[in-house]
Amino acid sequence: MGASIVTEDEFNGKKPPCDLVMKGGGVSDVAYPTVIVELAKKYRFSSVGGTSAGALAAAIAAAGEYARETNGFQRIAEIPNEVADTLFSQFQPEPQLRPLFNMLTAPLGSGSALAKWIAVISSAVMGYPRATLIGLVPALLVLVFTFDSQDYGWLAFAVLLGLVGVALSLGLRLKWALTKEMPEANFGLCSGKTMPGARGPGVTDWLADTIDRVAGNVDERGRPDRPLTFGDLKKRNPSFELAMITTDLGMMRPYKVPFREAEPGPDGAPQAVEPHESHFFSKADFEKLFPPRVMAQMCRNEPLIPEPHWSDCPGDLCAFPKERDLPIVVAARMSLSVPFILQAIPVYKRDLTLQQGADQPRKCWFTDGGVSNNFPIHFFDRLWPNAPTFAISFDEFAEERHLEGKEERRVEMATDLREGDILPILPISGIGAFALRMVDTARSWQDNLQRVLPGYRERIVHIHLKPDEGGYNLKMPPNVILRLAEFGKEAGALAASDDFNMDEHRWRRFLIAMAEMEQLLDELATSHDKRPPGCESFDEFLERYKSAARYQPTNEDSQLDPGWKTETLKRARALVSLGNQWREKPTVRSGRIPKPECDFRISPKQ
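Taking this note's numbering, the leading residue of the sequence shown gets 2, the next gets one more, and so forth.
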């Protein structure tokens, strides 16, 4: 595929807004630039988000929207041809971990199982020559002492002893690499930085440069200059939102980045932020992960002055920048931390659960967002949407589903009310596939259920990939990379086509929201009015407890504000009254509501 001819006129002028959410998928992200370009021809992005590889693409899309009037999307259109020959070279392991990296990537690509095993063994032997020689020493000694013997039994014994010795020696060396060298390298083979002697940039350096080139943040020589920040995006468009998901292994939870900050209260003043919401980073740690110009932006705040009793954190901590000052490449890299391939990001937080030293920052490991939420389709969602939120998903290609005669359906989008409302049943073969499916189910079951809901499924474009495409196939040849780019172009064009009916989409969302609201009001009214066996009604509880002082605001004289309590109880009674009214026929739920059924839930913000 040659370079696409994209003109400036295709992106300028008045265009309706849309949001875009992109799923994680390893190096499948090479399909995303053409998705972004095709959608940008019809829409202006008002919000963009994603996880892992989708976060990388979201950062690039945000840079393109930032520079829409100055050829940002034209520069994005050039990315597939740029990475076709450089993708694998962007993953540059730490020197001491290169043998492990070579062993991990040796089976990638075509070839028989035997050839792949031989490649793995060769990578270990060549990567750890000292351990190999140590393992051969006993066999060599046997050969020396039996050199004059004509007994072939000794020769066979020496060969067997050599194989066993090399296996044991390499095993011990690999154990050292996995238990000592990997943890010291932030539990990953590649930092993302460019390694000495490399022929091209590492993935983080490439991403930082690409974001700034797309955004037009370059000096007079065309070299990337000051990194693009979230604040830059807001200055250009105050309503624009860029969001990614990362996973905090220390607290075992997902985080939305940029981190949530103090939000204005009803009076417009910022509400207090809990101390545990503050994040810190070690300058020495981050210098190993990000280029100098990004570090210059990150370290604009004064370093944190450590307290004398802090013993579990380094002395060069800096407060994490506020959203306006945070380079978007840092947020993207925090989401794109593919376990064991790309190093985890060390970030410090105060652990308030400790009995002693509870105010000192402790290290948390932030790894790939896909570990906890690989498809954040809930991003930018509204009960009653005013603009479409498109989502791009990578899925497995299966002939029984995606082959019509001799024609393969590699890209599709639900256009009928009944399409896509049932999850496919995927086969499992072998103990390894069984274990991987358990892990994938644990992290993705909520995403999988949400993607089949009405109001969601018809705005998802699915790209069906074969085993040698995308995922963790770091060694994809250029023709496969460009093929994925073509699929991306098709996916973007499909989302931007008239096949997506916004009016029908909004009507479905309206019916679902109204039916669920009616159900919720019904449940509130029932709890308020009726007394379950052995319990009091909620009305009786409010009458009994309404004089309690907890969680009530105070006025300037630190006296309880009775107006707030009175108004809150008044609104509760109004909801109960509305719930009773909505029971009158015909109810919303008696109509034809899109299936499957949904649940309203209260969940914590990420």
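The beta-carbon is built from N, C-alpha and C at its ideal position, and this holds for glycine as well.
- If the five residues before and after E70 are omitted, its C-beta is found closer than 7 Å to the C-beta atoms of N13, all from its own chain and listed in chain order.
- Straight-line spacing of the CA atoms in D233 and M439 works out to 41 Å.
- For F376, no beta strand (DSSP E) encloses it, and the DSSP letter there is neither H nor E.
- Sequence-distant Cβ neighbours of Y129 in its own chain, meaning closer than 7 Å and more than five residues away, are P100, L171 and R174.
- Counting other Cβ atoms within 10 Å of its Cβ, D504 stays below 16 and is therefore classed as exposed.
- Remark: three or more beta-carbon pairs, one from each stretch, lie closer than 8 Å, so the region 371-390 and the region 449-459 are flagged as touching.
- Look at the beta carbons and you see the region 211-223 touching the region 70-79: at least three pairs across the two are nearer than 8 Å.
- For the pair N302 and A320, the CB atoms are nearer than the 8 Å cut-off.
- Three or more beta-carbon pairs separated by less than 8 Å are not found between the region 131-144 and the region 101-112, which leaves the two stretches without contact.
- For the pair L424 and V462, the CB atoms are not nearer than the 8 Å cut-off.
- Assigned with DSSP and collapsed to three states, T180 falls in helix.
- In the same chain as D523, and ignoring 5 residues on each side of it, the C-beta atoms closer than 8 Å to its own belong to G580, W583 and R584, in chain order.
- Taken in chain order, the complete beta strand (DSSP E) segments of 3 or more residues contained in the region 299-329 are 318-320.
- For L144, the CB contacts under 7 Å within the same chain, skipping 5 residues up- and downstream, are A159 in chain order.
- Listed as beta-bridge partners of I37 by DSSP are no residues whatsoever.
- Between the alpha carbons of A332 and G50 lies a gap of roughly 11 Å.
- Scanning Y153, C365 and D206 for the CA closest to the CA of L250 turns up C365.
- In the DSSP assignment, E397 forms a beta bridge with L466.
- Taking a C-beta distance under 8 Å as the contact criterion, F398 and L466 qualify as a contact pair.
- DSSP places L343 in the strand class (E or B) of the three-state scheme.
- For the options V165, V121 and I119, the alpha carbon positioned closest to that of P139 is the one of V165.
- Following the DSSP letters along the chain, one finds S528 inside the alpha helix (DSSP H) bounded by residues M503 to D530.
- Look at R45 here: in three-state DSSP terms it is strand.
- Under DSSP, E491 takes part in no beta bridge, so it has no partner.
- DSSP places I77 inside the alpha helix (DSSP H), whose first and last residues are G73 to A78.
- With a beta-carbon spacing of about 6 Å, P386 and R510 fall inside the 8 Å limit used to define contacts.
- With contacts defined by Cβ atoms closer than 8 Å, D313 and R254 do not form a contacting pair.
- The residue among R200, T211 and A178 with its C-alpha nearest the C-alpha of L190 is A178.
- Beta-bridge partners assigned by DSSP to G472: G27.
- In this structure, the straight-line span from the alpha carbon of P322 to that of F488 is close to 38 Å.
- The shortest CA-to-CA distance from K586 to any of F92, S124 and E519 is the one to E519.
- Judged by DSSP secondary structure, K235 falls within the alpha helix (DSSP H) whose first and last residues are F231 to R237.
- Beta-bridge partners assigned by DSSP to L243: V49.
- Approximately 7 Å separates the beta-carbon atoms of G25 and G370; this is inside 8 Å, confirming the contact.
- A68 and G27 have their C-alpha atoms roughly 27 Å apart.
- DSSP places W583 outside any beta strand (DSSP E), giving it a letter other than H or E.
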